[in-house]
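> Counting from 1122, one number per residue, gives the positions in the sequence shown under my numbering.
Here you go, one structure.
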Amino acid sequence: MNKLGHIIVGYLTAILFTALMYFYFDWQIDIKEAVIIIILTYLFCLLPDIDHPLSAITWHFIGISILGLAVGYIAPAEINGTGLMVASFCLLAMTFVCARFLGHRGPVHTVWAGAVFAFLLYFIFWDFRFCLLSWVVFYSHLAADGYLFKV
């Protein structure tokens, strides 16, 4: 499936999942959380393709990393740019390793990789709702590719 197909499937999955969580578990979402969900859905519906050197998510992450390194470098003294530079470098290194050394539809195209990537979001947002939604959207990519039960 191509990028547009994964984006469509990812957003439809996110809308359905968010609606079900609202009706069954009374998840309340404000505007800030809705924006976070929109961004995470975009990233996680394309994330399994980070192991392909020409994929959109690979180039998005390279651009974000370079921008983060530049902003962290020129950040004023009262803002700690070192943390941004370290995070940007880690994202750049992970993207390079995945795109260069992992085969397409290899270890990144698994349920466990999605679970690890989604769990890492907990240390950013301190909210498991974003982790669960991101994992479901990641899995929608696998389902659209026909890897429903690949572990």
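Glycine included, C-beta positions come from ideal geometry on N, C-alpha and C.
#1: Cβ atoms of Leu-1223 and Val-1229: under 8 Å apart, would you say?
#2: Alpha carbon to alpha carbon, what distance is there between Leu-1253 and Phe-1246?
#3: Could you give the residue range of the alpha helix (DSSP H) that holds Met-1122?
#4: Using the beta-carbon count (16 or more within 10 Å), is Ala-1239 buried or exposed?
#5: In chain order, what residues of the same chain lie with their CB nearer than 6 Å to the CB of Ser-1186, ignoring the 5 residues before and after it?
#6: For Arg-1226, which residues from the same chain have a beta carbon less than 6 Å from its beta carbon, with the 5 sequence-adjacent residues on both sides left out?
#7: What is the rounded straight-line gap between the Cα of Tyr-1145 and the Cα of Val-1258?
#8: Using the C-alpha atoms, what's the distance from His-1262 back to Phe-1251?
#9: Does the Cβ-Cβ distance between Gly-1131 and Phe-1182 come in under 8 Å?
#10: Between Val-1272 and the rest of its own chain, which residues show a CB-CB distance below 7 Å, the 5 nearest in sequence each way excluded?
#11: On the CB-based measure, 16 or more other CB atoms within 10 Å of its CB, does Met-1122 come out buried or exposed?
Quick look at the numbers:
#1: Remark: C-beta atoms of Val-1229 and Leu-1223 approach each other more closely than 8 Å.
#2: Rounded to the nearest angstrom, the two C-alpha atoms are 12 Å apart.
#3: Met-1122 -> no alpha helix (DSSP H), and no H or E assigned at all.
#4: Per the 10 Å Cβ criterion, buried.
#5: Same-chain partners within the cutoff: Ser-1209, Leu-1212, Leu-1213.
#6: Closer than 6 Å at the Cβ level, and outside the excluded window around Arg-1226, lies no residue.
#7: Distance between the alpha carbons of Tyr-1145 and Val-1258: 19 Å.
#8: If I take the Cα positions, the gap works out to 17 Å.
#9: No; because the gap between Cβ atoms is not below 8 Å, this pair is not in contact.
#10: The predicted model places Val-1272 with a pLDDT of 47, which falls under 50 and marks its position as unreliable, so this point remains unresolved.
#11: Looking at its Cβ environment, which holds fewer than 16 other Cβ atoms inside 10 Å, Met-1122 is exposed.
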